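From first to last, the protein sequence lines stand for chains C and W. All you need for the working numbering is the position in the first sequence, starting with 1, plus 7. All you need for the working numbering is the position in the second sequence, starting with 1, plus 483.
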Amino acid sequence: DAGITQSPRHKVTETGTPVTLRCHQTENHRYMYWYRQDPGHGLRLIHYSYGVKDTDKGEVSDGYSVSRSKTEDFLLTLESATSSQTSVYFCAISLTSGFTGEKLFFGSGTQLSVL
Amino acid sequence: QQQVKQSPQSLIVQKGGISIINCAYENTAFDYFPWYQQFPGKGPALLIAIRPDVSEKKEGRFTISFNKSAKQFSLHIMDSQPGDSATYFCAARVRGQGGSEKLVFGKGTKLTVNP
């Protein structure tokens with residue numbers, strides 16, 4: 008099984024503070040993704056990475072930045088957290104080789120609450 | 484238009500019945516259509532997927548029907564069981580930067596199978 012660890016699993020923070028979520032994988036998969044899940048909105052892509060230092064924006068990237076300095080870690084930063092960023096954040100990796108994202112494996116999620 | 488429209492939002496089915504979830508899309512560049520299943524507190528997991536050159540794919544009790552001309556696809560769960568109670572997401576693949584590909588998700592359907 009693909010190993011993905013998201014940390015922290017739960018976080019409560021205050022409006023205006025920066026927050027960093029970490030996604031760690033153990034199997035050197037090239038493609039990694041950050042999604043947020045909200046009731047009524049499903050899963051929405053925030054940012055994704057197609058290699059070390061290669062990242063691109065998803066559909067809801069405003070207020071978020073990412074970094075990938077090594078293959079195994081993909082960090083999501085909320086530069087100045089707002090209440091609208093209260094959500095469950097999922098990291099995912101692509102299990103297929105090559106350029107396909109067709110078999111995404113998701114982590115267990117981070118529940119973030121911004122008060 | 485990079486959207487996938489999913490219906491219904493929620494569905495209640497009796498044990499042994501057939502559950503049907505529908506999705507529609509506009510972007511003809513989508514080239515792969517997976518379904519994900521998510522249990523409470525867990526990340527989504529790939530259930531079944533289809534390519535647009537095939538009209539139907541069956542895996543056990545789960546079947547995807549695909550209508551390319553109508554730009555619609557659906558998930559059928561035969562002999563639905565209480566253990567199938569979960570949220571189901573349809574998705575479609577679109578190409579991104581650097582040859583990468585990403586999934587666009589529907590908003591989800593919460594399925595409840597009553598015993």
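Virtual Cβ for every residue (Gly too), placed ideally from N, Cα, C. In this text the structure is predicted, and so the values were computed from the model without any measurement.
Open item on the list: Check whether the segment 61-76 of chain C and the segment 487-499 of chain W touch, using three or more Cβ-Cβ pairs below 8 Å as the test.
Closed with: Here the segment 61-76 of chain C does not lie against the segment 487-499 of chain W, with fewer than 3 beta-carbon pairs under 8 Å apart.
Open item on the list: Just to confirm before moving on: does the CB-CB distance between C:S101 and C:Y42 stay below 8 Å?
Closed with: no
TODO: State the beta-bridge partners of C:R51 as determined by DSSP.
DONE: C:R43
TODO: Give the interface partners of W:K554 over in chain C, defined as CB-CB distance under 8 Å, in chain order.
DONE: Residues of chain C passing the Cβ test: none, with the nearest at roughly 19 Å.
Open item on the list: What ranges does the beta strand (DSSP E) occupy inside the segment 537-597 of chain W, keeping only unbroken runs of at least 3 residues that lie completely in it?
Closed with: 539-542, 545-550, 555-560, 569-578, 584-588 and 592-597
Task: Alpha-carbon to alpha-carbon, W:S557 and W:I503 - done: Cα-Cα distance, rounded: 7 Å.
- [ ] Check whether the Cβ of C:H31 sits closer than 7 Å to any heavy atom of the ligand COA, and report yes or no.
- [x] Within the structure as shown, the ligand COA is missing, as the structure has no ligands at all.
Task: Length of the line joining the Cα atoms of W:E539 and C:A99 - done: 27 Å
Task: Contact the segment 506-526 of chain W vs the segment 52-62 of chain C: 3+ CB pairs below 8 Å - done: no
Open item on the list: Is the separation between the beta-carbon of W:I495 and that of W:T595 shorter than 8 Å?
Closed with: The Cβ atoms of W:I495 and W:T595 sit closer than 8 Å to each other.
TODO: Given a cut-off of 8 Å, decide if W:F513 and W:Y573 are closer than it, judged by their beta-carbon atoms.
DONE: The sequence as given places Cys at residue 573 of chain W; Tyr does not occur at that position. No, the pair does not count as a contact, with Cβ atoms beyond the cut-off.
Task: Interface partners of C:S115 on chain W, CB under 7 Å - done: K525 and G526
Open item on the list: Whole angstroms are fine: how far does the CA of W:L529 sit from the CA of C:K110?
Closed with: 7 Å
Open item on the list: According to DSSP, C:D61 sits in a beta bridge with which residue or residues?
Closed with: C:G58
Open item on the list: Looking at the strands, I want to know which residues DSSP matches up with C:T27.
Closed with: According to DSSP, C:T27 bridges with C:T84.
Task: C:S68, DSSP secondary structure in three states - done: In the three-state reduction of the DSSP assignment, C:S68 falls in the coil class.
Open item on the list: Between C:Q44 and C:I11, how many whole angstroms is the CB-CB distance? I'm expecting something under 8 Å.
Closed with: Contact flag wrong, Cβ pair sits at about 15 Å.
TODO: Go through its chain and collect everything with a Cβ distance to W:Y508's Cβ below 6 Å, but skip five positions before and after it.
DONE: V487, K554 and A575
Open item on the list: Tell me which residue opens and which closes the beta strand (DSSP E) that C:H17 is part of.
Closed with: Residues H17 to T20.
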